[in-house]
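Asker: All residue numbers for the sequence shown refer to my numbering, where the first residue is 21 and numbers rise by one.
Just dropping this structure here.
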Amino acid sequence: MLFVLLIGLLLCTGHPVSSFCPVEIRPTIAVVRYGDPFSANCSSLSNQTEGMGWEAATGGTPLTHGISVIPLNIDSVSVWTLTAQCFINQIDGEQCSKILPFKVYKTPDSVSVSQNGPQVPIKSGQGYEMRCDIVNVAPVANIVVHWYHENNLISTVKNVESQGIAPVNKSVVLPLNASNLDNGTQIWCEVELDLEPKVPDLPRIRSMAHEVIVLYPPDFREPGNETVEIRAGGMTSLNCTATGNPRPGYRWQLLNHIQETNMIQTERQPILIASVSGTYACTVSNTQGTARKYFTVTQAKRERTTFAALVGGFVTLGALLFVGGLFFMTPEGTFAFGKGQPTSSKPV
Ligand SMILES: *[C@@H]1O[C@H](CO)[C@@H](O)[C@H](O)[C@H]1NC(C)=O
Ligand SMILES: *[C@@H]1O[C@H](CO)[C@@H](O)[C@H](O)[C@H]1NC(C)=O
Ligand SMILES: *[C@@H]1O[C@H](CO)[C@@H](O)[C@H](O)[C@H]1NC(C)=O
Ligand SMILES: *[C@@H]1O[C@H](CO)[C@@H](O)[C@H](O)[C@H]1NC(C)=O
21 MLFVLLIGLL LCTGHPVSSF CPVEIRPTIA VVRYGDPFSA NCSSLSNQTE
71 GMGWEAATGG TPLTHGISVI PLNIDSVSVW TLTAQCFINQ IDGEQCSKIL
121 PFKVYKTPDS VSVSQNGPQV PIKSGQGYEM RCDIVNVAPV ANIVVHWYHE
171 NNLISTVKNV ESQGIAPVNK SVVLPLNASN LDNGTQIWCE VELDLEPKVP
221 DLPRIRSMAH EVIVLYPPDF REPGNETVEI RAGGMTSLNC TATGNPRPGY
271 RWQLLNHIQE TNMIQTERQP ILIASVSGTY ACTVSNTQGT ARKYFTVTQA
321 KRERTTFAAL VGGFVTLGAL LFVGGLFFMT PEGTFAFGKG QPTSSKPV
């Protein structure tokens, strides 16, 4: 032990600031919020201590004799590039010191989110960027940006390429692709300071939510053409509902009736009540495009056949019952007759 200390002292001779200086500082690193008070202790590991002190840009503790622990108390840390060193004077006249590094932090004043081009609102299928603007944060290298889309964490950006000890403004972008389903959904960012060692209960600063508006052409709920059958005198409803932004308009046409190739002027709704067979074209359009689907409405021709089959069925059943009746009647009659016979023969 003494040997190690002697080597330490020998090394200290040539280098006043040395890692072999026989002092221990608690905590070993100062992680402190700008403006907060801070205190640390420096303890001597040597029994040859003559005096100790702290040197710091703000505050400090003057050289004090005959002690083995000396505190550093700073009322308010108001310097971004702060360092402090604990120095020790040995009885033999040697002096050495150890540095206490500082990491002064500040959570952002505000965090806001906005949408970058190419244009707003965005069109479906295009790429765009969300931007998270962080105001007055330090140290910027320690920020972690979390992106949320409708309460789901979609991205975490760590190790933002930035340097600087004093507070800066920083923008972080998230590239995205616009889809139909994103219309009307919300995106926001949340900024965390990831310090080492961890600072408990450090608040995350969250931006307001940004509503994404996506322009997209009509998109049918039920894609593909449809075929519907109606009974004579009956009717059916044809559902052509489509989504789209802006809200799409509807136009119905009955196509294959020679005199009725005209548009059905009255129907501008997504649902059409059809009572005439034919091919109906439903055209849906908005500023982003046009989509069309066809409904083929046919009369159920089988109806007559079904009736005939039913009548035929009844006739057949009737005939069967008739034949069966004869078949069963005969034995029954015979049985009744036979039954009567023994009865009448009994008195004999
Ligand atoms: C410094 O030492 C004093 C006395 O032992 C103790 O009360 C105080 O909590 C210590 N401070 C730190 C920052 O360790
Ligand atoms: C950061 O942004 C705020 C608000 O926009 C502005 O007042 C301030 O001057 C900016 N600071 C720097 C260092 O650019
Ligand atoms: C798209 O979002 C806007 C804004 O929330 C909303 O008014 C509109 O109805 C949405 N369109 C569709 C088709 O969801
Ligand atoms: C619907 O019918 C039209 C006209 O017959 C045809 O051009 C189109 O490809 C069909 N669409 C689908 C999805 O089958």
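The beta carbon of each residue, even a glycine, is placed where N, CA and C say it ideally should be.
This one's a predicted model, so the numbers in the text were calculated from it and none came from an experiment.
Could you tell me whether the Cβ atoms of A60 and L102 are closer together than 9 Å?
Answerer: As a first step, residue 60 is located in the sequence shown; it is residue number 40 there, counting from the start. As a first step, residue 102 is located in the sequence shown; it is residue number 82 there, counting from the start. No; because the gap between Cβ atoms is not below 9 Å, this pair is not in contact.
Asker: Tell whether a beta-carbon distance below 9 Å holds between V188 and K123.
Answerer: Working through the sequence shown from its first residue, we reach residue 188 at position 168. Working through the sequence shown from its first residue, we reach residue 123 at position 103. No. Outside cutoff.
Asker: Determine the extent of the beta strand (DSSP E) in which L235 is found, giving its start and end residues.
Answerer: As a position in the sequence shown, residue 235 is number 215, starting the count at 1. V234 to F240 is the span of the beta strand (DSSP E), which, as asked, contains L235.
Asker: For R288, which of L275, C260 and G298 has the nearest alpha-carbon?
Answerer: For the purposes of this step, residue 288 is taken as the residue at position 268 of the sequence shown. Closest option to R288, Cα to Cα, is C260.
Asker: One question on the structure: do K126 and A161 come within less than 9 Å of each other, judged by their Cβ atoms?
Answerer: Translated into positions along the sequence shown, residue 126 becomes position 106. Translated into positions along the sequence shown, residue 161 becomes position 141. Their beta carbons are not under 9 Å apart, which means K126 does not touch A161 by this criterion.
Asker: Tell me the rounded alpha-carbon separation between V165 and E149.
Answerer: Counted from its first residue, the sequence shown places residue 165 at position 145. Counted from its first residue, the sequence shown places residue 149 at position 129. Cα-Cα distance, rounded: 15 Å.
Asker: If contact is defined by three or more beta carbon pairs under 8 Å, each pair taking one atom from either stretch, is the stretch 210-228 in contact with the stretch 245-252?
Answerer: Judged by Cβ distances under 8 Å, the stretch 245-252 makes no contact with the stretch 210-228, as fewer than three pairs qualify.
Asker: Determine the contact status of S117 and E170, defining contact as a CB-CB distance below 9 Å.
Answerer: Reading the sequence shown from its first residue, position 97 is the one you call residue 117. Reading the sequence shown from its first residue, position 150 is the one you call residue 170. No.
Asker: Span of the beta strand (DSSP E) holding L102?
Answerer: The residue given as residue 102 occupies position 82 in the sequence shown. No beta strand (DSSP E) contains L102, which DSSP labels as neither H nor E.
Asker: When DSSP labels each residue in this structure, what does L201 get in the three-state scheme?
Answerer: Here residue 201 corresponds to residue number 181 of the sequence shown, with the count starting at 1. In this structure, L201 counts as helix in the three-state DSSP scheme.
Asker: Are there any heavy atoms of ligand 2 lying less than 8 Å away from the beta-carbon of V192, as far as the coordinates show?
Answerer: In the sequence shown, the residue the question calls residue 192 occupies position 172. Every heavy atom of ligand 2 is 8 Å or more from the Cβ of V192, so no.
Asker: Going by DSSP, name the residue or residues bridged to R288.
Answerer: Counting from one through the sequence shown, the residue named residue 288 turns up at place 268. In the DSSP output, where bridge partners are listed per residue, R288 has none listed.
Asker: Check N136 in the structure and name its three-state DSSP category.
Answerer: As a first step, residue 136 is located in the sequence shown; it is residue number 116 there, counting from the start. Three-state result, N136: strand.
Asker: For M72 and F58, I'd like the C-alpha separation in whole angstroms.
Answerer: Looking up residue 72 in the sequence shown gives position 52. Looking up residue 58 in the sequence shown gives position 38. Spanning the two alpha carbons is a distance of roughly 19 Å.
Asker: Here's the rule: buried if 16 or more other CB atoms are within 10 angstroms of the residue's CB, otherwise exposed. What is T307?
Answerer: The residue given as residue 307 occupies position 287 in the sequence shown. The residue in question, T307, is exposed, as its Cβ has fewer than 16 Cβ neighbours within 10 Å.
Asker: On a Cα-Cα basis, can you pick out the residue from P128, V131, D129 and G147 that is closest to G137?
Answerer: Counting from one through the sequence shown, the residue named residue 137 turns up at place 117. Out of P128, V131, D129 and G147, G147 has the C-alpha closest to the C-alpha of G137.
Asker: Using the DSSP secondary-structure output, state which residues sit across from S297 in a beta bridge.
Answerer: To locate residue 297, count along the sequence shown from 1; it is residue 277. Paired residue(s): none; S297 is not in a bridge.
Asker: Just verifying my parser: in three-state terms, what is the DSSP assignment at V192?
Answerer: On the sequence shown, position 172 is the one that residue 192 refers to. Looking at V192 - three-state DSSP - the assignment turns out to be strand.
Asker: Can you find a heavy atom of ligand 3 that lies under 8 Å from the Cβ of N19?
Answerer: Only positions 21 to 368 of the chain appear in this structure, which leaves residue 19 out of reach.
Asker: Say the cut is 8 Å; is the CB of G244 nearer than that to a heavy atom of ligand 4?
Answerer: Sequence index remark: in the sequence shown, residue 244 carries index 224 (1-based). At least one heavy atom of ligand 4 is nearer than 8 Å to the Cβ of G244, so yes.
Asker: Which residue wins for smallest C-alpha separation from W272, given the options P237, Y314 and N172?
Answerer: The count along the sequence shown starts at 1 and reaches residue 272 at position 252. W272 has its Cα closest to that of Y314, out of P237, Y314 and N172.
Asker: Can we count Y300 as close to ligand 4, meaning its CB is less than 8 Å from some heavy atom?
Answerer: The count along the sequence shown starts at 1 and reaches residue 300 at position 280. No.
Asker: So M72 is in the beta strand (DSSP E); what residue range does that whole segment cover?
Answerer: Against the sequence shown, residue 72 aligns to sequence position 52. Start and end: T69 to A76.
Asker: Among all the DSSP beta bridges, which residues are the ones paired with M150?
Answerer: As a first step, residue 150 must be located in the sequence shown, where it is residue number 130. In DSSP, M150 forms a bridge with Q135 and L194.
Asker: Return the chain-ordered list of same chain residues with a C-beta closer than 6 Å to the C-beta of S295, the five sequence neighbours on each side being excluded.
Answerer: Position 275 of the sequence shown, counted from the first residue, corresponds to residue 295. M255.
Asker: Comparing C-alpha positions only, which one of Q115, R224, K143 and L194 sits nearest to V377?
Answerer: Because the chain spans 21 through 368 in this model, residue 377 falls outside it and cannot be assessed.
Asker: Taking C-alpha atoms, which residue in G80, Q105 and G86 lies nearest to S96?
Answerer: Position 76 of the sequence shown, counted from the first residue, corresponds to residue 96. Ranking the options by Cα distance to S96, first place goes to G80.
Asker: Quick check on the burial criterion: 16 or more other C-beta atoms within 10 angstroms. Buried or exposed for I108?
Answerer: Along the sequence shown, read from residue 1 onward, the residue named residue 108 stands at position 88. Buried, because 16 or more other Cβ atoms sit within 10 Å of the Cβ of I108.
Asker: Could you check what DSSP says for N109 in three-state terms: helix, strand or coil?
Answerer: Taking the sequence shown and counting its residues from 1, the one referred to as residue 109 is at position 89. Strand, per DSSP.
Asker: So, using beta-carbon positions, are I154 and P128 closer together than 9 Å?
Answerer: Numbered from 1 along the sequence shown, position 134 holds the residue referred to as residue 154. Numbered from 1 along the sequence shown, position 108 holds the residue referred to as residue 128. Yes. Within cutoff.
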